[in-house]
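Accompanying notes for the structure given below.
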Amino acid sequence: MRENNSDREATLSRRGVLAATGTTSIALVAGCSSDDGAGTDDGDEDSAVTEDGETSTGDGAMSTEDSTPTEDGAMSTEDGETPTEDDTSSSPATGTASSSVEELTIVDHEPDLDYFGNDDAFGVALTMENDGEQETDLDRYFYSIVPYDVDGNDVSETYTGTSFGDKPTTIGPGEQLTFVPFVNLKTSASEVDRYELQLSCRSSVGSESDAAYCQ
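Per UniProt numbering: the sequence shown = residues 1 to 215.
See below:
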């Protein structure tokens, strides 16, 4: 009887070992399946891999592609920091104006680049007042305009003229008149940085005007 019990215990022990071995084999097979990528749904969401190799989680974490600024975004930033063409446009030229005729006073002056419809002449809208006691013709005086570029170079040609449009050229005592003395240029009118204008009874070559207040 003892031998039979011993044999039975040995048989049960071998069955236990086989059973344990079978359980281990199943666990190993399951582990291999997991290594091959057949995981759970939760595993798929938690370990999704992007083409760039970055991992994005299922709880909303952004991938590398989503977190990288787009080209349009970069352009918007640059546009916001870069001045527009209108912001960088050149300011009008500044200048001085004087009259050597005591009875003729300069009330106002400002550059007028568009008056002639071309870019090779520089004009100054000049407002004069007759403070004397005689009527006078403003077209009979001499006007000198010297335009300078930003480097201080004289960019004028030799010809200087006046334009009154359809206005009369004469003004009586106490009256004002706005007209445009102009000068031809060696360069574009937009290149003029400043100017000097002078009204006088004598031209640059010594000619004398016979207008009122010049005799």
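Where is the CB? At the ideal position from N, CA and C, for every residue including glycine.
N- and C-terminal bounds of the beta strand (DSSP E) containing residue i
{"i": "alanine 125", "result": "121 to 130"}
{"i": "glycine 174", "result": "Element bounds for glycine 174: n/a, residue is neither H nor E."}
{"i": "aspartate 210", "result": "Segment: none, aspartate 210 is in no beta strand (DSSP E) and carries neither H nor E."}
{"i": "leucine 138", "result": "That residue, leucine 138, is in no beta strand (DSSP E); it is neither H nor E in DSSP."}
{"i": "glycine 161", "result": "156 to 163"}
{"i": "leucine 104", "result": "104 to 112"}
Proximal residues to residue i (C-beta, below 7 Å), its chain only, five neighbours per side dropped
{"i": "aspartate 108", "result": "Thr127"}
{"i": "glutamate 103", "result": "Asn130, Asp131, Gly132 and Tyr213"}
{"i": "serine 203", "result": "Phe142"}
{"i": "arginine 15", "result": "Summary for arginine 15: the model assigns pLDDT 47, below 50, so the residue's position carries little reliability; its value from the coordinates is reported in the next sentence. Cβ neighbours of arginine 15 beyond the five flanking positions: none."}
Presumed contact (8 Å Cβ cut-off) between residue i and residue j, rounded CB distance
{"i": "leucine 185", "j": "aspartate 112", "result": "Contact doesn't hold; Cβ gap of about 14 Å is too wide."}
{"i": "glutamate 135", "j": "glycine 172", "result": "5 Å"}
{"i": "valine 124", "j": "tyrosine 195", "result": "7 Å"}
{"i": "alanine 211", "j": "aspartate 154", "result": "That pair is no contact at about 27 Å."}
{"i": "threonine 169", "j": "proline 181", "result": "So it is not a contact: roughly 12 Å between Cβ atoms."}
Residue i, DSSP secondary structure in three states
{"i": "serine 99", "result": "strand"}
{"i": "glutamate 196", "result": "strand"}
{"i": "glutamate 191", "result": "helix"}
{"i": "valine 150", "result": "coil"}
{"i": "threonine 94", "result": "strand"}
{"i": "asparagine 184", "result": "strand"}
Same chain, Cβ closer than 6 Å to residue i, neighbours up to 5 away in sequence not counted
{"i": "phenylalanine 164", "result": "Phe179"}
{"i": "residue 217", "result": "An answer regarding residue 217 cannot be provided, because it is not within the stretch 1 to 215 covered by the chain."}
{"i": "glycine 159", "result": "Per the sequence shown, residue 159 should be read as tyrosine rather than glycine. Contacts found: Asn184."}
{"i": "alanine 189", "result": "Leu113, Asp119 and Phe122"}
{"i": "threonine 105", "result": "Glu129 and Asp131"}
{"i": "proline 147", "result": "Phe122, Val155, Ser156, Val192 and Tyr195"}
{"i": "residue 216", "result": "Summary: the structure shown does not reach residue 216, with the chain confined to residues 1 through 215, and so no result is reported for it."}
{"i": "proline 92", "result": "Pro111"}
{"i": "threonine 94", "result": "Arg194"}
{"i": "threonine 187", "result": "Val155"}
{"i": "threonine 96", "result": "Glu196"}
{"i": "glycine 152", "result": "none"}
Cβ-based neighbour list, residue i, same chain, cut-off 8 Å, excluding 5 preceding and 5 following
{"i": "tyrosine 141", "result": "Val101, Leu104, Leu199, Ser200, Cys201, Ser209, Ala211 and Cys214"}
{"i": "serine 207", "result": "Phe142"}
{"i": "threonine 21", "result": "Confidence in threonine 21 is poor, its pLDDT being 45 and thus under 50, which makes the residue's placement unreliable; the coordinate value appears in the next sentence. So the list is empty, once near-sequence residues are dropped."}
Interface flag, residue i vs chain D, CB-CB below 8 Å
{"i": "valine 205", "result": "Any reference to chain D falls outside this structure, which holds one protein chain only."}
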